[in-house]
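One structure below.
2 protein chains.
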Amino acid sequence: MTDQMTSEQAQADINDATINGIHMEKLQGTVHAIEQDPGLGQCKFRARNTWLGGNQNRTTITGFYAARQEIAHKQTFELHADEPPILAGSDEGANPVEHLLNALAACVTTSMVAHAAVRGIHIEELESELEGDIDLNGFLGLSEEVPKGFTNIRINFRVKADVDNMERLKRLTAYSPVFNTITRGAPVDIRVEAKQG
Amino acid sequence: MTDQMTSEQAQADINDATINGIHMEKLQGTVHAIEQDPGLGQCKFRARNTWLGGNQNRTTITGFYAARQEIAHKQTFELHADEPPILAGSDEGANPVEHLLNALAACVTTSMVAHAAVRGIHIEELESELEGDIDLNGFLGLSEEVPKGFTNIRINFRVKADVDNMERLKRLTAYSPVFNTITRGAPVDIRVEAKQG
Numbered sequence: 001m002t003d004q005m006t007s008e009q010a011q012a013d014i015n016d017a018t019i020n021g022i023h024m025e026k027l028q029g030t031v032h033a034i035e036q037d038p039g040l041g042q043c044k045f046r047a048r049n050t051w052l053g054g055n056q057n058r059t060t061i062t063g064f065y066a067a068r069q070e071i072a073h074k075q076t077f078e079l080h081a082d083e084p085p086i087l088a089g090s091d092e093g094a095n096p097v098e099h100l101l102n103a104l105a106a107c108v109t110t111s112m113v114a115h116a117a118v119r120g121i122h123i124e125e126l127e128s129e130l131e132g133d134i135d136l137n138g139f140l141g142l143s144e145e146v147p148k149g150f151t152n153i154r155i156n157f158r159v160k161a162d163v164d165n166m167e168r169l170k171r172l173t174a175y176s177p178v179f180n181t182i183t184r185g186a187p188v189d190i191r192v193e194a195k196q197g
Numbered sequence: 198m199t200d201q202m203t204s205e206q207a208q209a210d211i212n213d214a215t216i217n218g219i220h221m222e223k224l225q226g227t228v229h230a231i232e233q234d235p236g237l238g239q240c241k242f243r244a245r246n247t248w249l250g251g252n253q254n255r256t257t258i259t260g261f262y263a264a265r266q267e268i269a270h271k272q273t274f275e276l277h278a279d280e281p282p283i284l285a286g287s288d289e290g291a292n293p294v295e296h297l298l299n300a301l302a303a304c305v306t307t308s309m310v311a312h313a314a315v316r317g318i319h320i321e322e323l324e325s326e327l328e329g330d331i332d333l334n335g336f337l338g339l340s341e342e343v344p345k346g347f348t349n350i351r352i353n354f355r356v357k358a359d360v361d362n363m364e365r366l367k368r369l370t371a372y373s374p375v376f377n378t379i380t381r382g383a384p385v386d387i388r389v390e391a392k393q394g
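Chains as they are written, first to last, in this note's numbering: chain V, 1 to 197; chain G, 198 to 394.
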């Protein structure tokens, strides 16, 4: 972000009552509504996936449940997965574990920015690099001792903000739902049924 | 998938020595190489993310480390995240927890299809629906008792394949790296440093 853009952002913040580009009135409206009526906080997020043959599949996301109602997204989101040639795919999309890193990066970023906004911490720029370790001996079933999932994930954030706030910003990452899902684990119930026709 | 497509797939399987659209010689080549030299199984997957302001950010995926070498993807993958208006965003992309459901759907699907192929189980069609529960009282910091991540995720698969194989196919989902990362958890190390300039 150039100095000019930063200055434009500052002006936009004043005009729209945003911090870090987030409309504070909207965000705080949601917070206050849930404070008054905690049941409003229950959400169900959803996805549909269709196998396209080989290692390719496509996820479609159309809506979710929040604030005691079904809510449609403004548009349908489609996400494509494949594997690289070395993993017997044709490299037409990020592979599933790369999609997981994307989910984690997006969530920790969004969580940090929103919680910083609520605390009045202005962020000018934010970027991150992620790396995660997987040993294919687990996935391929070659060793029972080797875990099948990521054994470690590292995220390095670089942030342009008041340098005294680095430790506070780091603590805010602990609010991220995807970070919590991955570090604490969550139960996943799977049903497999025959499709007729 | 229509009957004609299924028949075309069957013909393609014969021509290319594929099962479920996966090139078996390529897949088994990878398996045998790692069996001979388990160190080849070590992989590092990577992603870079840039905050775009507000609740929007973009992940870029360009390559990974496997088989003791850096490998570039054939193309750069970009993934976009945002939040819906009710969560103070502008709905320009799936939100981070929906991206997590996508990663899980993609991975369990790919794992089931590949492990079925190795076992000679032919799959004609496969689709799934996912739903996960999150209580925003956790993310918003309104309650210390409420978990911040998903508390439960459900996947319903519908599969067109020999009906006697449903239980076997269900068991194969346990090989999925993303499923294992989410159900068993993984450590995530976060660094936050000031960006100069």
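Note that CB positions come from ideal geometry on N, CA and C, so glycine has one too.
As the structure is a computational prediction, the values presented were derived from the model and not from experiment.
_Can you pull out the residues from the stretch 39-51 of chain V whose beta carbon lies closer than 7 Å to at least one beta carbon of chain G?_
41, 42, 43, 44, 45, 46, 47, 48, 49, 50, 51
_Minimum C-alpha distance to residue 265 of chain G - residue among V/73, V/184, V/31, V/86_ = V/86
_Within 8 Å, strictly: CB atoms of residue 258 of chain G and residue 98 of chain V_ = yes
*Cβ of residue 338 of chain G less than 8 Å from any chain C Cβ?*
You won't find chain C in this structure, because its protein chains are V and G.
_Going by C-alpha to C-alpha distance, which of G/333, G/276, G/241, G/311 sits closest to residue 105 of chain V?_
G/276
*How would you list, in chain order, the residues of chain V whose beta-carbon sits under 7 Å from the beta-carbon of residue 220 of chain G?*
88
*Against chain V: residues of the stretch 261-276 of chain G by CB proximity under 8 Å*: 261, 263, 264, 268, 270, 271, 272, 274, 276
*Exposed or buried, what is residue 3 of chain V when buried is set at 16 or more other beta-carbons lying within 10 Å of its beta-carbon?*
Per-residue confidence for residue 3 of chain V stands at a pLDDT of 49, beneath the threshold of 50, marking its modelled position as unreliable; the derived number appears in the next sentence. Residue 3 of chain V comes out exposed.
*Assign residue 239 of chain G to one of three DSSP states: helix, strand, or coil.*
strand
_Can you check which of these residues, G/263, G/310, G/379, is closest to residue 363 of chain G by C-alpha distance?_
G/310
*Answer with buried or exposed for residue 253 of chain G, where buried requires no fewer than 16 other C-beta atoms within 10 angstroms of its C-beta.*
buried
_DSSP-derived helix/strand/coil call for residue 361 of chain G_ = helix
*Counting contacts by CB-CB distance shorter than 8 Å, is residue 154 of chain V in contact with chain G?*
yes
*Kindly list, in the order they appear in chain G, the residues whose Cβ is closer than 8 Å to that of residue 133 of chain V.*
239, 240, 241
_For residue 141 of chain V and residue 193 of chain V, the rounded distance between their alpha carbons_ = 24 Å
*residue 148 of chain V, buried or exposed, once every other Cβ within 10 Å from all chains shown has been counted against 16*: buried
*Ignore the nearest five residues each way along the sequence and tell me which others in residue 50 of chain V's own chain have a CB closer than 7 Å to its CB.*
57, 58
_Within 8 Å, do at least three Cβ pairs link the stretch 23-41 of chain V to the stretch 304-320 of chain G?_
no
*Once you ignore the five residues that flank residue 355 of chain G on each side, which residues in its own chain have a CB closer than 7 Å to its CB?*
324
*Between residue 194 of chain V and chain G, is there a C-beta pair that is closer than 8 Å?*
yes
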